[in-house]
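Undergrad: Protein chains in written order, with the numbering used here: chain G, 1 to 376; chain Y, 377 to 752.
Dumping the structure here so I can ask a few things about it.
Number of protein chains: 2
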Amino acid sequence: MTLHWKLTTTDGAARAGTLMTAHGEVPTPVFMPVGTAGTVKAMTADAVRSTGARMVLGNTYHLMLRPGAERVARLGGLHRMMDWHGPILTDSGGFQVMSLNDLRKMDADGVTFRSHVDGSYHRLTPERSVEIQRLLGADVTMCFDECTPFPATPDQAAESMRLSMRWAARSREAFVPREGHGLFGIVQGSIYDELRAESAAALTSIGFEGYAVGGLAVGEGQAEMLRVLDVTLPLLPAAAPRYLMGVGTPSDLIGAVRRGIDMFDCVIPTRSGRTGRAYTSRGVLNMRNARHAEDPSALDPECDCPTCRRHSRAYLHHLFKAEEMLGPILLTWHNLRYYQSVMERLRGAIVEGRFEAEAAAIEAGWAEGEAERKAA
Amino acid sequence: MTLHWKLTTTDGAARAGTLMTAHGEVPTPVFMPVGTAGTVKAMTADAVRSTGARMVLGNTYHLMLRPGAERVARLGGLHRMMDWHGPILTDSGGFQVMSLNDLRKMDADGVTFRSHVDGSYHRLTPERSVEIQRLLGADVTMCFDECTPFPATPDQAAESMRLSMRWAARSREAFVPREGHGLFGIVQGSIYDELRAESAAALTSIGFEGYAVGGLAVGEGQAEMLRVLDVTLPLLPAAAPRYLMGVGTPSDLIGAVRRGIDMFDCVIPTRSGRTGRAYTSRGVLNMRNARHAEDPSALDPECDCPTCRRHSRAYLHHLFKAEEMLGPILLTWHNLRYYQSVMERLRGAIVEGRFEAEAAAIEAGWAEGEAERKAA
Chain G
1 MTLHWKLTTT DGAARAGTLM TAHGEVPTPV FMPVGTAGTV KAMTADAVRS TGARMVLGNT
61 YHLMLRPGAE RVARLGGLHR MMDWHGPILT DSGGFQVMSL NDLRKMDADG VTFRSHVDGS
121 YHRLTPERSV EIQRLLGADV TMCFDECTPF PATPDQAAES MRLSMRWAAR SREAFVPREG
181 HGLFGIVQGS IYDELRAESA AALTSIGFEG YAVGGLAVGE GQAEMLRVLD VTLPLLPAAA
241 PRYLMGVGTP SDLIGAVRRG IDMFDCVIPT RSGRTGRAYT SRGVLNMRNA RHAEDPSALD
301 PECDCPTCRR HSRAYLHHLF KAEEMLGPIL LTWHNLRYYQ SVMERLRGAI VEGRFEAEAA
361 AIEAGWAEGE AERKAA
Chain Y
377 MTLHWKLTTT DGAARAGTLM TAHGEVPTPV FMPVGTAGTV KAMTADAVRS TGARMVLGNT
437 YHLMLRPGAE RVARLGGLHR MMDWHGPILT DSGGFQVMSL NDLRKMDADG VTFRSHVDGS
497 YHRLTPERSV EIQRLLGADV TMCFDECTPF PATPDQAAES MRLSMRWAAR SREAFVPREG
557 HGLFGIVQGS IYDELRAESA AALTSIGFEG YAVGGLAVGE GQAEMLRVLD VTLPLLPAAA
617 PRYLMGVGTP SDLIGAVRRG IDMFDCVIPT RSGRTGRAYT SRGVLNMRNA RHAEDPSALD
677 PECDCPTCRR HSRAYLHHLF KAEEMLGPIL LTWHNLRYYQ SVMERLRGAI VEGRFEAEAA
737 AIEAGWAEGE AERKAA
C-alpha cells in the first residue's frame, strides 16, 4: 500500500531508477512539465506525451480555486479531466499561497488567504492540502509546508522549517495509503547546513515514500543551490526517490542529477517557450531576435521535435513578431522535448557508467553555440 | 498549363467534384481554413490536417507586410514555411486593404496604403498582387479587386465593379501560367442583379480557371446572399469551380452548396473557437456559459475530434474561464473538424443523390439541440 522506487544503477552519486505508480512506471531521473491549472500551458496532452514526458505536475493552489478540488473529483479526477494517463505529482499549495497572495494570514494550524480569482476566502492546512491532493487523484502527494523566503536569518529559517516539520507529521497522519500512491516530505532550512540536517532528520524519522528538497531556486544562485544539495542529499535515505522542487535550467538539472536528484519540475521550458526563449543543444536562443528573420535553418538541428523537423528559425521569428499562438505552441513543444532529451541522455549515460562524459558533451554544445553566436 | 476541376456528380444544382492542383487533389465542395499570417490560428499544420482539411487560405495583405512576400519566397514559399503540403489559395489583398486601413488612397491603377504593422507605405496593383501570390507559391491566385462596401448605391456598385473588371483583365495578363496553378476571377456587383450579370459576363469573356463570388457576407444577410447566388451562379461556366469568398456559418454553407458553390473560406470556425463558441451537430454552444461548469459530457457526442473524444464540456469551460491557451486550441480544433465533417456529409450525399435529405438531417440536429437547451 505504498509507492515504490527501484534503483537501477548509480554512477558516482547520480542515480538511474524507476518510480512505480498507480498510473505506470517512470524512468528516473525524470523532468515533470508543469500543468498548473489542469493543462501544460499551450500544449495538448498528446503533444506533452509526444515530447517523451512520462509524469506531470499539477498545482493544488490553482486547481482548488478553479475549478475546485471537489469539482475535479466529480469529473473523475485530474488525470481524466486533462487526458493525462501517466502519473501526476501535485504540490501542496503552500508555495503559491505565499508567492501569489498579499492577503494571507498564517497561524500554527495553517493559512487563510483570498483567492486571486474571485476574492473569496480559503484555508489550507496540512489536512486539507492532503485531502485536496487525494481529490485531484495525485499519484505523488506533497506535504503541506512553508517555502521559507530567501534571504532568511537563521532564526527565521529555523522557525519556518520547524513549522513545516510539524505540518509534515500532520500531512503523514492525514495521508490515506493506497497502492501506487505516495507522500513526499520536503526538506527546508534555507542555506543553513544545520537546519537542513535537522529537517532531513525530522522527515526521515517520520518516514516518507520520497524526499523533496524545497526552498531552493528562490534567489540563492546555482552554486549555493548545489552546495545545499551536497550537504542535504547524503542525509536522505538512498532507497527513496529525491525530488528537487521548481528547478531549473538544463545546467541546473545536470548539476542536481550529478548529486543524486531523481525528480524535477519547473516552468522554465513552458514559460520560456511562450516568451520566445528556446533551450537548445547549442544554448539559449531568443526567437524574437532579428538575427533569425531570414534564417532557414532548424531551431536545433539535433532535435527530433516537430518544431525542429518541420520549421525554420525564420518562421518561428515571424510567428513571435506576429504574436501568433503557434509561436508559443511550437517553442513550448521544442523546449519540453529538449528537456526530455537531456534527461534521456543523462539517464542513459548513468546506466552506461559515463555520466560525466555525457554531461561534459552537453555542456560543450552550449559553449560552442554561444561562441559561434558571439563570433557571428 | 492550367488548373483543372473535374465534375463528379450533380444533385439538383449541388455539385461534387475534384480540384486538381500542383499540391494534390481536393474533393469539392471544400471548406478552406484561413491561415491569415502563415498559420491557421492556434493550430499546428498537423492538427489542421487531422481535421480533414485539404486546402487552406493565406492572406496576401498580412503576408506581404510580415514577413514579406520576397522573404517567404526566399524561405521556399508559403507551403514550406508553414509546413502545409496541400494546396493553398491566396486572396488578393484587396479586401484587407479596404477593411484594415484607414489611410489608403485608391486610384485607377491600384491602392497605396500604410502598414498596420509599422506604418510603412505599400502599394498594391493587379500586377503586384499577382506577383506576390506567385512569390508565396499559391496554387490558386485571386484577381486583385475592390470588395464593394455594403450598402452601395447602384452607381457606386457599378463603378466599383467595373474597376474590378479592368483589374481582373490586368490580373489575367500578369498571371504566369503553370501546371496545377490557376487564377480565379471575382464576380462583384453588390446586390444588383444586372451588375452581377455584367460582371459575370466580363469575367467569362476574359476566361479564368475558376470563378469566385465576392462582396457577400458583408451585412446583406443570408437570404439576400443566397438570392444573389441564385441570380449569379447560372451565369458562370458549369465546367469551372465556384468559390464563395469569406462565407460562412454551417447554415450558409448548406445554402450555398445547394446552389452550386464548390469552395469556401471563413474565419468563423477559428475565430469562434478562440472566443469559446462551438459549432456542433446540436447547434452553437458558448463554452464560457456557467451551464457547462459541471457537465461531464462531450462537447459534441457525434464528433470524432480529440476535443470531443477526450474532454468534457466542464474542462473546456474551465480552460476558457482560466484563460488557458488550450481552450482556444481545443475549440478551434473541434470547430474546424465540425466544418470538415459537414462538408464531407454534404459531398457524400451529393454523390449518392440525397443532398436535400442530408441537409435536412443536419439542420434538424441544430434545431433539436436548440429546443433542448431552451427547455433545460
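The C-beta atom is built at its ideal place from N, Cα and C for all residues, glycine as well.
May I ask you to list, following chain order, the residues of the region 19 to 49 of chain G that have a beta carbon less than 9 Å from some beta carbon of chain Y?
TA: So the close ones are T36, A37, G38, T39, V40, K41, A42, M43, T44, A45, D46, A47.
Undergrad: Is M245 (chain G) closer than 8 Å to A212 (chain G) when the C-beta atoms are compared?
TA: Yes, these two residues count as a Cβ contact at 8 Å.
Undergrad: Within its chain, find whatever has a CB closer than 6 Å to the CB of E746 (chain Y); leave out the 5 residues flanking it on each side and keep chain order.
TA: Closer than 6 Å at Cβ, skipping near neighbours: G659.
Undergrad: In the DSSP assignment, what residue or residues form a beta bridge with D11 (chain G)?
TA: Its beta-bridge partners are G:A14.
Undergrad: Less than 8 Å between the C-beta atoms of E600 (chain Y) and I644 (chain Y), yes or no?
TA: No; because the gap between Cβ atoms is not below 8 Å, this pair is not in contact.
Undergrad: Let me know if L702 (chain Y) comes out buried or exposed under the rule of 16 or more other beta-carbons within 10 Å of its beta-carbon.
TA: When all chains shown are included, L702 (chain Y) counts as buried.
Undergrad: Name, going along the chain, the residues of the region 447 to 472 of chain Y whose beta-carbon falls closer than 8 Å to a beta-carbon of chain G.
TA: Listed by position, the residues of the region 447 to 472 of chain Y near chain G (Cβ gap below 8 Å) are R447, R450, L451, G452, M457, M458, D459.
Undergrad: Mind listing the chain C neighbours of E179 (chain G)? Cutoff is C-beta to C-beta under 9 Å, in chain order.
TA: The structure shown contains no chain C; its protein chains are G and Y.
Undergrad: Is it the case that the Cβ atoms of E131 (chain G) and A168 (chain G) are separated by a distance below 8 Å?
TA: Taking 8 Å as the Cβ cut-off, E131 (chain G) and A168 (chain G) do not qualify as a contacting pair.
Undergrad: Within its chain, find whatever has a CB closer than 7 Å to the CB of T249 (chain G); leave out the 5 residues flanking it on each side and keep chain order.
TA: Cβ within range, chain order: I268.
Undergrad: Under 9 Å between beta-carbons, which chain G residues line up against K750 (chain Y)? List them in chain order, please.
TA: By Cβ distance, chain G contributes nothing, its closest Cβ being about 26 Å from K750 (chain Y), past 9 Å.
Undergrad: Pick out whichever of Y:L559, Y:G453, Y:T529, Y:M518 has its Cα sitting closest to the Cα of L511 (chain Y).
TA: Checked all of Y:L559, Y:G453, Y:T529, Y:M518; the closest Cα to L511 (chain Y) is Y:G453.
Undergrad: P527 (chain Y) to G469 (chain Y), Cα distance in whole Å?
TA: The straight-line gap from Cα to Cα measures roughly 21 Å.
Undergrad: So G86 (chain G) is in the beta strand (DSSP E); what residue range does that whole segment cover?
TA: Run containing G86 (chain G): none; DSSP gives neither H nor E here.
Undergrad: Y691 (chain Y) CB to nearest chain G CB: under 8 Å?
TA: Chain G, which has a Cβ nearer than 8 Å to the Cβ of Y691 (chain Y), makes this yes.
Undergrad: Is there at least one Cβ from chain G nearer than 8 Å to P645 (chain Y)'s Cβ?
TA: Taking Cβ atoms only, chain G never reaches closer than 8 Å to P645 (chain Y), which makes this a no.
Undergrad: Determine the chain Y residues that contact K321 (chain G) at a beta-carbon separation under 7 Å, and present them in chain order.
TA: Within chain Y, the residues near K321 (chain G) are R442.
Undergrad: For a test of the three-state rule: what should DSSP assign to K41 (chain G), helix, strand or coil?
TA: Coil, per DSSP.
Undergrad: Per DSSP, M386 (chain G) is paired with what?
TA: Because chain G in this structure spans residues 1 to 376, residue 386 (chain G) falls outside the shown range and cannot be described.
Undergrad: Give the straight-line distance between the Cα atoms of E670 (chain Y) and R74 (chain G), rounded to the nearest whole angstrom.
TA: One C-alpha to the other measures close to 8 Å.
Undergrad: Once DSSP output is grouped into helix, strand and coil, what is the label at T580 (chain Y)?
TA: Helix at T580 (chain Y).
Undergrad: Suppose you measure from the CA of E585 (chain Y) to the CA of D515 (chain Y); what does that come to, to the nearest Å?
TA: C-alpha separation (whole angstroms): 11 Å.
Undergrad: Quick one: residues in its chain with C-beta nearer than 6 Å to the C-beta of S536 (chain Y), no 5 flanking neighbours on either side, listed in chain order?
TA: E522, T524, listed in sequence order.
Undergrad: Whose C-beta lies closer than 8 Å to the C-beta of E368 (chain G) among residues of the same chain, with five residues either side of it excluded?
TA: Hits under 8 Å: R282.
Undergrad: Applying the criterion that 16 or more other CB atoms from any shown protein chain within 10 Å of the CB defines a buried residue, is L479 (chain Y) buried or exposed?
TA: Its Cβ having fewer than 16 others within 10 Å, L479 (chain Y) is exposed.
Undergrad: Label E194 (chain G) either buried or exposed according to how many other C-beta atoms from any shown protein chain fall within 10 Å of its C-beta, with 16 as the threshold for buried.
TA: Exposed: under 16 other Cβ atoms inside 10 Å.
Undergrad: Whose Cβ in chain Y lies nearer than 9 Å to the Cβ of S312 (chain G)?
TA: Chain Y residues near S312 (chain G): L451, G452, R456, M457.
Undergrad: Please classify S673 (chain Y): is it buried, with 16 or more other beta-carbons within 10 angstroms of its beta-carbon, or exposed?
TA: So S673 (chain Y) ends up on the exposed side.
Undergrad: Compute the distance between the beta-carbons of M82 (chain G) and M263 (chain G), then report whether it is under 8 Å.
TA: No. Outside cutoff.
Undergrad: Measure from the C-beta of M663 (chain Y) to each C-beta in chain G and report whether the shortest distance is under 8 Å.
TA: So no, M663 (chain Y) is outside the interface.
Undergrad: May I ask you to list the residues that DSSP assigns as paired with E25 (chain G)?
TA: E25 (chain G) is bridged to G:M20.
Undergrad: Below 8 Å between beta carbons: does that hold for L236 (chain G) and V228 (chain G)?
TA: No.
Undergrad: Given this structure, state the Cα-to-Cα distance separating G590 (chain Y) from L441 (chain Y), to the nearest angstrom.
TA: Looking at the two C-alpha atoms, the distance is approximately 23 Å.
Undergrad: Interface residues of chain G around I637 (chain Y) at Cβ under 8 Å?
TA: Neighbours of I637 (chain Y) on chain G: none; closest Cβ ~29 Å, over 8 Å.
Undergrad: Report the neighbours of P151 (chain G) on chain Y: residues whose CB is nearer than 9 Å to its CB, in chain order.
TA: Those within 9 Å of P151 (chain G) in chain Y number zero; the least Cβ separation is about 33 Å.
Undergrad: Report all residues from its chain with a CB closer than 6 Å to the CB of T9 (chain G); omit the five preceding and five following residues, and keep chain order.
TA: Result list for T9 (chain G): A16, I350, V351, in chain order.
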